[in-house]
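Numbering (this note's numbering), first residue to last: 310 to 771.
Think of the CB as a built atom: it goes at the ideal place given N, C-alpha and C, for glycine as much as any other residue.
All values reported here derive from a predicted model rather than from experimental measurement.
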Ligand code: SF4
C-alpha cells in the first residue's frame, strides 16, 4: 500500500447461544484487528435481561485485559473494532451502540459507511432524535426504534423497514435479549459470514475470525439479506427486492486477511491469481520478483509462478513500527517508510527486480521504496500494481475522501512512473481484477468512477 495506508471502517463479530460468548467475541475481534485499531467494544446480554457495553480507544489487547469477561456467564455478545472514516476518533464513536428502551435493550455494530447519512440525520433530528455520537452507525438504531411498534420492540419487520431507508455500505449486527440479527447491504460492499459454534452461532466480518474461535463456517450472508438467529434456530429473509454483488474490490486486494474466504474465493488465492494475470498483462524481463509486505507477497507468488522468475525476499517489514500515516508531514512520513521497510542489499544488488504492490495512493511510499532499492544496488526496478490506478473518492467506508490525495487522479501512468523513479510501472486492468476473483461484478468505483449507489449531498461534499 503506497502513501498513507488506506483505512477501512471496521470489523464486527457476534456470538449467539454459546458459553462465554463475550470471551469468544474478544478472540474474534483480535482476529479482525487489521480492520481497525482505533477503538473497540463489546456488548453483552446480562442475566437481568439488560445489555451492557464496555469499550475503549486502542487495540483489543489494550482495552480488554486477559481476565476481562473470563467469568462472564453470558451466551450472547457482539463486538466491534473501529477505524472510523465517519465521525471522529473519540470514545463516543466507538461501538457497540446500546439503545435502552422500556420494552427491551438492543445493541448495534456496523462495518461500512452510510451514503445518505446527512439526509437521514436531518429527518431523524426533525423527529426529535438526539445523536450521542458523530458516527453514521448510530442511525440504524434510531430508525429501528422509530419504526418499531410499542409492544413488540425491535423485530425483524421493523429492522427491515429501517434497512430499506439506508443506502450505502453496511454489515450490521443487532443484538436483542433473545435475537441476533445479521444484515448486509443490498450491494454486498462489506463481507459478512456466519458459522456454527456447538449449538450456537457466530457471525463475523471475515471467516478468519470464525476460525479463530473454532466455529465451522456455514456461508456468507447474502447482499440484501437479514439472518435472524433466535432460540428456535436461524431464518433468512431479504429486506430489499433487488440486490447486486458489488463487493468492495479492495477487500480482496488489500483489506482482508489472506486466510479469509469471501464469497467462495480465498483472499490469498485471489492475490496469487492477480499476480499471474499481472504478468500476462505486463510482462518484463528481469532477474527476480518480490512483493511489498504484506499483501504484495501473495501476488508476487503468482507473478513468479507465471513468469518463472525466482521469488525472492527483497524487502523486509519491521512489524513493530507504528503505521506511516501517524507522521504529520511528508518528510517524517518518508522516514516512517524507511523504518517500516528495508531492502535486502545482498539480494537485490546488481539485479533487475520486479516489485509487486497492491495499490498507489499518493506515490510517496513507492518513490521511497524505489529510492531505497536503488541505494541498495538494484540495477532496474519494475513496479507492478495489483489494482487499477486509484482516481476517485470512496463513499463506502474507505478513507479515500478527495481526488487531490490520489496521484493517479493528476498524472497518467508514465508521469507516475517518472515521479516515483521506477524503470517501468504497470497496473492490473479492471478486467484482471474481476478475473482474479472469477467474478462478473465488484465495486471498483474508486478506479472507474462508477458508483453502485446514488450519490448524495454528503458524498458530493467529500
Ligand atoms: S469505491 Fe473503492 S474502496 Fe470504496 S467500496 Fe468501492 S472499491 Fe472499495
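- Every unbroken stretch of the alpha helix (DSSP H) spanning 4 or more residues and falling wholly within the stretch 328 to 365 is given here in chain order: 330 to 340.
- Residue 491 carries a strand assignment under DSSP once its states are collapsed to helix, strand and coil.
- Taking a cut-off of 5 Å from the heavy atoms of ligand 1, the residues with a C-beta inside it are 557, 558, 559, 703, 705, 707, 752, 754 and 755.
- Per DSSP, the continuous beta strand (DSSP E) segment holding residue 421 begins and ends at 415 to 423.
- Within 10 angstroms of the beta-carbon of residue 681 lie 16 or more other beta-carbons, which makes it buried.
- With 16 or more other Cβ atoms inside 10 Å of its own Cβ, residue 677 counts as buried.
- Counting along the chain, the unbroken beta strand (DSSP E) around residue 597 starts and ends at 597 to 600.
- Per DSSP, the beta bridge partners of residue 547 are 534.
- Residue 610 sits in a helix when the DSSP states are folded into three classes.
- Straight across, the Cα-Cα distance linking residue 518 with residue 688 is about 42 Å.
- At the C-beta level, residue 548 and residue 484 stay beyond 8 Å of one another.
- A straight line joining the alpha-carbon of residue 513 with that of residue 686 spans about 45 Å.
- Within the model, the alpha-carbon separation for residue 683 versus residue 521 is close to 41 Å.
- The C-alpha of residue 379 is placed about 11 Å away from the C-alpha of residue 328.
- Residue 430 is classed as buried because its beta carbon has at least 16 other beta carbons within 10 Å across all chains shown.
- A direct Cα-to-Cα measurement between residue 577 and residue 588 gives close to 17 Å.
- Nearest Cα to residue 629 within the set 369, 646 and 622: 646.
- Looking at the DSSP output, residue 752 shares a beta bridge with 557.
- In terms of Cα proximity to residue 762, the closest of 443, 423 and 626 is 423.
- Here the stretch 724 to 742 makes no contact with the stretch 520 to 539; the two share fewer than three CB pairs at distances below 8 Å.
- Residue 507 sits exposed, since fewer than 16 C-beta atoms from the chains shown fall within 10 Å of its C-beta.
- Taking residue 709 as the centre and dropping the five residues before and after it, the same chain places the C-beta of 315, 670, 699, 701, 702, 703, 715 and 755 closer than 8 Å to its C-beta, in chain order.
- Under the 8 Å Cβ criterion, the stretch 579 to 588 counts as touching the stretch 611 to 621, having at least three qualifying pairs.
- Secondary structure at residue 667: coil, using DSSP grouped into helix, strand and coil.
- Your pair residue 599 and residue 621 checks out as a contact, with CB atoms roughly 5 Å apart and the cut at 8 Å.
- Assigned with DSSP and collapsed to three states, residue 620 falls in strand.
- Every alpha helix (DSSP H) of 4 residues or more that sits fully in the stretch 442 to 507 is shown, in chain order, as 448 to 456 and 465 to 474.
- The C-alpha of residue 388 is placed about 4 Å away from the C-alpha of residue 351.
- Judged by DSSP secondary structure, residue 583 falls within the alpha helix (DSSP H) whose first and last residues are 576 to 590.
- For residue 580, the closest of 439, 463, 330 and 604 by C-alpha to C-alpha distance is 604.
- Between residue 488 and residue 454 a beta carbon distance of about 15 Å is seen, past the 8 Å cut, so the two are scored as non-contacting.
- Taking C-alpha positions only, residue 325 is separated from residue 615 by approximately 45 Å.
- Here DSSP, grouped into helix, strand and coil, assigns residue 741 to helix.
- If you draw a straight line from the Cα of residue 475 to the Cα of residue 649, it comes to about 40 Å.
- For residue 689, the enclosing beta strand (DSSP E) covers residues 689 to 694.
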